[in-house]
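Written out below as structure tokens is the structure these notes cover.
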Amino acid sequence: MTITVTFDGNPTALYKFWAMPGEGTQEESYLRDLLVGHKLFFQAAHKLNDPFDCLPAIYTAFTPDRAKMLFERHIRSETPDVTDADCAAEVERRVTCFDFSLVGTPEFQLGARDAFKEHREVMAVYCLSARVDSVLMWSHYAKNHTGFAVRFDYSDTFIGEAQRVRYVHKRPLIDPGSRDERNMYVVLLSKARDWKYEQEWRITRIGRPGLHKFNPKALTGIVFGMAMPQLDRDRLRALCGEGGFEPKFYQAVDDARSFNVQIVEV
């Protein structure tokens, strides 16, 4: 059996590439969480490998009326039991003290971006790919083909939450004063076009980096890299057995006629 990766619309499967972790490392604990504990590790956005990831351009128009609205929202968020009179007085104090001549300056833009960076720390993503036949993906994320890829069934309810990443020329422009959560998802699902080869899909969570349980039946396959040592293959099989998994196992092989990777069942 050979896996076909072309699709129209949604994929039938998504893949997570791994470099085989060394024993006693944090990465090994994440692998045990996956194969034994049935948990996926969602990375905080600010720790991803792209410094532009989840960091949009910031809309910084800041009129006195808009300042009052944002200051009031911030005050009520920090002090929910504040009285209307006290809130109004504090808003007026902040507006009076604020130097509106700074608006539009590089320093103001930088300050707005720094404030948004705090949001990145609570944005969590689980990154997957629709491609398992990419030489670059195996080279970059599976340690030069010595690692492996995990195959997830996209029809699973949890895995099916994954959304396609958009590859764009310009960063999304975000209004930090907006309460529209869709803005956050635009940020989470937009990347530079240089990354288009990844064909990435993401499951996203706001406010919950860390481990999340998934249905073990969603993990349907393990793909061994072309250069994966036999000892590491045996370790993976043992971990699957320990976790009660019965996935299909596949082997990545070189395509004799192209630069793609073929995937065959073993």
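The sequence shown maps to residues 1 to 266 in the UniProt record's numbering.
Note that the Cβ used here is the ideal one computed from N, Cα and C, for glycine as well.
Rounded separation between residue i and residue j - CA only
| i | j | result |
| --- | --- | --- |
| residue 83 | residue 99 | 26 Å |
| residue 93 | residue 68 | 10 Å |
| residue 188 | residue 239 | 32 Å |
| residue 230 | residue 58 | 50 Å |
| residue 154 | residue 170 | 29 Å |
| residue 213 | residue 168 | 32 Å |
| residue 244 | residue 237 | 11 Å |
| residue 173 | residue 19 | 35 Å |
| residue 126 | residue 86 | 43 Å |
| residue 140 | residue 81 | 51 Å |
| residue 64 | residue 119 | 24 Å |
| residue 145 | residue 162 | 25 Å |
| residue 166 | residue 52 | 14 Å |
| residue 159 | residue 102 | 45 Å |
| residue 34 | residue 41 | 8 Å |
Where residue i sits in the DSSP three-state scheme
| i | result |
| --- | --- |
| residue 143 | coil |
| residue 88 | helix |
| residue 133 | coil |
| residue 118 | helix |
| residue 71 | helix |
| residue 94 | helix |
| residue 249 | strand |
| residue 10 | coil |
| residue 241 | helix |
| residue 106 | helix |
Contacting residues, own chain, Cβ-Cβ under 7 Å from residue i (five flanking each side not counted)
| i | result |
| --- | --- |
| residue 121 | 44 and 46 |
| residue 247 | 219, 220, 221, 222 and 240 |
Per DSSP, cross-strand counterpart(s) of residue i
| i | result |
| --- | --- |
| residue 123 | 206 |
| residue 128 | 201 |
| residue 254 | 261 |
| residue 149 | 17 and 223 |
Cβ neighbours of residue i in the same chain (closer than 6 Å, five flanking residues each side left out)
| i | result |
| --- | --- |
| residue 278 | Since the first residue of the chain shown is 1 and the last is 266, residue 278 is not available in this structure. |
| residue 198 | 129 |
| residue 79 | none |
| residue 249 | 222 and 266 |
Contacting residues, own chain, Cβ-Cβ under 8 Å from residue i (five flanking each side not counted)
| i | result |
| --- | --- |
| residue 216 | 38, 243, 244 and 245 |
Jot down the residue ranges of each uninterrupted alpha helix (DSSP H) in the stretch 154-231, minimum 4 residues, whole runs only, in chain order.
The stretch 154-231 contains these whole alpha helix (DSSP H) runs: 182-188.
At 4 residues or longer, what runs of the alpha helix (DSSP H) sit wholly inside the stretch 12-69?
Runs found: 26-35.
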